[in-house]
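Chemist: Below is a structure I'd like to ask you about.
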Amino acid sequence: MTTSQQAPDPSGLTVMVVDDSNTIRRSAEIFLTQAGYRVVLAEDGFDALAKINDHHPALVFCDILMPRLDGYQTCALIKKSARFHATPVVMLSSKDGLFDRARGAMVGSSAYLTKPFSKDTLLAAVREHTSLQA
Numbered sequence: 001m002t003t004s005q006q007a008p009d010p011s012g013l014t015v016m017v018v019d020d021s022n023t024i025r026r027s028a029e030i031f032l033t034q035a036g037y038r039v040v041l042a043e044d045g046f047d048a049l050a051k052i053n054d055h056h057p058a059l060v061f062c063d064i065l066m067p068r069l070d071g072y073q074t075c076a077l078i079k080k081s082a083r084f085h086a087t088p089v090v091m092l093s094s095k096d097g098l099f100d101r102a103r104g105a106m107v108g109s110s111a112y113l114t115k116p117f118s119k120d121t122l123l124a125a126v127r128e129h130t131s132l133q134a
C-alpha cells in the first residue's frame, strides 16, 4: 500500500512567496506557516530563481510588479525550466484587470490573486493548485 495516493499533507509541502513588499511576504508566511506549510521567501524574481532549485516548492506565489525581474518574466522563466515547468505559479497583484490576468495566463500562471489577499483565499489557492500535482 503506497502513501502517495493519500491527500497531500501540508507539512510536506513547500510554498514560495515572491514579493518585493516585506509586509506581503510576512503576511503570507504567517498564514502558510500556521496552516502547516514550509515557506520560502524571495524578494524578487532573481532571488526566487536562485532559491527554487534548492527548495523545490510545490507552489509559487509571485508578485507582478517587482524591480529587476517582474512577475511575468519570473513566471515565464520558471515555466521554461524542464525541472519546474509543472510547478503552479499564482500571480499576485494589487490590480484586478483583465489585461493582467490574460498576460499572466500567457506566461503560464495557474491563477491570479488580488492583493491584499485573505488567509482563506491564500490557503484555498494552495489547496487547489497543489492537489492537482498529487
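So the sequence shown is numbered by full-length UniProt numbering: it starts at 1 and just counts up by one. Think of the CB as a built atom: it goes at the ideal place given N, C-alpha and C, for glycine as much as any other residue. Please read these numbers as outputs of a predicted model, since none were measured by experiment.
#1: How many Å lie between residue 7 and residue 59 at the Cα?
#2: Out of 75, 96, 99, 92, state which residue places its alpha-carbon closest to the alpha-carbon of residue 205.
#3: Anyone know if the C-beta pair for residue 92 and residue 115 falls short of 8 Å?
#4: Run through DSSP, which three-state label would residue 117 get?
#5: Could you check how far apart the C-beta atoms of residue 31 and residue 98 are, in whole angstroms? I think they sit under 8 Å.
#6: From 125, 80, 27, pick the residue whose C-alpha is nearest to that of residue 108; which is it?
#7: Would DSSP call residue 26 helix, strand or coil?
#8: Since residue 62 sits in a beta bridge, which residues does DSSP pair it with?
#9: Decide if residue 4 is buried, meaning its Cβ has at least 16 other Cβ atoms within 10 Å, or exposed.
#10: For residue 66, count the other beta carbons within 10 Å of its own beta carbon; 16 or more makes it buried, fewer makes it exposed. Which is it?
#11: Whose C-alpha, out of 57, 105, 95, is nearest the C-alpha of residue 72?
#12: Using 10 angstroms around the beta-carbon of residue 18, count the other beta-carbons present and answer buried if the total reaches 16, otherwise exposed.
#13: Which of the three DSSP states is assigned to residue 1 in this structure?
Modeler: Reading off the structure:
#1: Residue placement at residue 7 is poorly supported in this model, since its pLDDT is 43, which falls under 50; the coordinates still yield a value, given next. In this model, residue 7 and residue 59 are separated by some 16 Å (Cα to Cα).
#2: Examination of residue 205 is not possible in this model, given that the chain is present from 1 through 134 alone.
#3: The answer is yes: Cβ separation under 8 Å.
#4: It is coil, neither helix nor strand.
#5: Incorrect: roughly 27 Å between the Cβ atoms, too far for contact.
#6: Ranking 125, 80, 27 by Cα distance to residue 108 puts 80 first.
#7: Reduced to three states, the DSSP call for residue 26 is helix.
#8: The bridge partners DSSP lists for residue 62 are 18, 91.
#9: Bear in mind that the predicted position of residue 4 carries a pLDDT of just 36, short of 50, making it too unreliable to give a figure here.
#10: Answer is buried; the Cβ neighbour count reaches 16.
#11: Taking the Cα of residue 72 as reference, the smallest distance to any Cα among 57, 105, 95 is reached at 105.
#12: Counting the other Cβ atoms within 10 Å of the Cβ of residue 18 gives 16 or more, which makes it buried.
#13: Note that residue 1 has pLDDT 38, beneath the 50 cutoff, so the model's placement of it is unreliable and the number below is only indicative. DSSP places residue 1 in coil when its eight states are reduced to three.
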